[in-house]
Amino acid sequence: PFVANTPKIKVLVTGSQGFVGKETVTLLESKGIEVIPFDIMNGRQDITDYQCLKEHIVTYQPNRILHLAATARFDDARRNPERATKTNYLGTDNIAKVSAEYHIPVVYSSTGTVYMPIKQEMPITEKFEVGEQISTYGRTKSLGELSIIRYCNPWIILRYGHLYGAEKRYHGLVGGILAKIRQGEAPQVWGGEQTNDFAYVKDIAEANYRALTATWENWNEIYNIGRGVELSTSE
5 PFVANTPKIK VLVTGSQGFV GKETVTLLES KGIEVIPFDI MNGRQDITDY
55 QCLKEHIVTY QPNRILHLAA TARFDDARRN PERATKTNYL GTDNIAKVSA
105 EYHIPVVYSS TGTVYMPIKQ EMPITEKFEV GEQISTYGRT KSLGELSIIR
155 YCNPWIILRY GHLYGAEKRY HGLVGGILAK IRQGEAPQVW GGEQTNDFAY
205 VKDIAEANYR ALTATWENWN EIYNIGRGVE LSTSE
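Sequential numbering of the sequence shown, starting at 5, is according to my numbering.
See below:
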């Protein structure tokens with residue numbers, strides 16, 4: 005828990021309308037934390053617009069930033085690498101620079117995909133080297149990490165496992181299966197031997213909360229977030 009005499013936490017949450025964002029905002033507000041939503045779905049709230057971001061910071065004066073906004077689907081990033089680079093890298097670079105300018109601690113949501121392709125013996129630990137980035141998504145998120153480390157002080161980077169939850173609709177393994185069931189169709193698994201660490205969205209929200217309220221000795225660190233259990237698609 006954070007120290008009792010710490011000023012009340014006031015968090016700017018980018019991507020507040022997204023899959024992880026909605027769940028995290030609900031949890032933070034239930035804990036009495038003031039949330040400042042920032043999401044392109046809300047109108048002119050774009051992390052790639054530095055001036056807009058800066059104006060929001062000046063107006064609402066957060067003392068934490070939780071950066072969740074991203075092009076988060078592998079297929080979307082692959083089909084439109086320019087947009088993924090603009091959002092995941094340049095947008096994160098803006099977050100990092102504005103946090104440095106106003107001395108705001110940042111928690112950055114990254115991904116275990118940055119380790120790909122894995123060339124070391126499992127299980128994955130934070131000491132693993134970042135991989136060669138075979139996917140556009142992984143590459144752009146990895147570049148975002150470098151911006152956070154370069155400009156922010158303090159920072160926390162959370163590398164999520166394979167996210168699932170009822171609201172992750174129509175994409176991802178669990179989302180795809182749920183979509184089939186909702187449509188009255190039988191889910192099909194092709195192959196099924198690929199393994200992941202499946203992380204439930206409510207647990208991810210809890211990890212975000214703990215990072216935002218961490219005591220200062222736990223900052224400037226990277227943390228893998230998952231169950232620590234390897235499961236195949238078939239399992």
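Cβ atoms here follow ideal geometry from the backbone N, Cα and C, with glycine treated the same way.
Bounds of the alpha helix (DSSP H) holding Tyr213 are 205-216. A straight line joining the alpha-carbon of Ser114 with that of Arg154 spans about 15 Å.
In the assembly as shown, Ala170 is an exposed residue. Its beta-carbon has fewer than 16 other beta-carbons within 10 Å.
A straight line joining the alpha-carbon of Glu210 with that of Gly25 spans about 12 Å. Secondary structure at Pro85: helix, using DSSP grouped into helix, strand and coil. DSSP places Ser20 in the coil class of the three-state scheme, outside both helix and strand. Between Tyr141 and Ile229 a beta carbon distance of about 17 Å is seen, past the 8 Å cut, so the two are scored as non-contacting. Your pair Ala73 and Thr18 checks out as a contact, with CB atoms roughly 4 Å apart and the cut at 8 Å. One thing to note: Asn212 has its Cβ within 8 Å of the Cβ of Val111. DSSP places Thr219 in the coil class of the three-state scheme, outside both helix and strand. Uninterrupted beta strand (DSSP E) stretches at least 3 residues long and entirely within the segment 73-144 occur at 110-115, given in chain order. By the neighbour-count criterion, in which a residue is buried when 16 or more other Cβ atoms sit within 10 angstroms of its Cβ, Pro41 is buried. By DSSP's assignment, Thr199 forms a beta bridge with Ser236. Around Lys14, the same chain offers Glu38, Pro66, Asn67 as residues with beta carbons nearer than 6 Å, after the five sequence neighbours per side are excluded.
The beta carbons of Ile161 and Thr96 sit about 11 Å from each other, so the pair does not count as a contact at 8 Å. Spatial neighbours of Lys35 in its own chain (CB-CB distance under 7 Å, excluding positions within 5 residues in sequence) are listed in chain order as Tyr213. Excluding five sequence positions before and after Ser146, the CB atoms of its chain that fall closer than 7 Å to its own CB belong to Val118, Val134, Gln137, given in chain order. Around the beta carbon of Ala215, 16 or more other beta carbons sit within 10 angstroms, so the residue counts as buried. In the displayed model, Arg48 falls within coil according to three-state DSSP, outside both helix and strand.
Rounded to the nearest whole angstrom, the CA to CA distance from Asp79 to Gly180 is 14 Å.
Around the beta carbon of Ser20, 16 or more other beta carbons sit within 10 angstroms, so the residue counts as buried. Each residue's CA atom was taken as its position, placing Asn84 and Thr144 some 12 Å apart. Within a 10 Å sphere around the beta-carbon of Thr63 sit fewer than 16 other beta-carbons, which makes this residue exposed.
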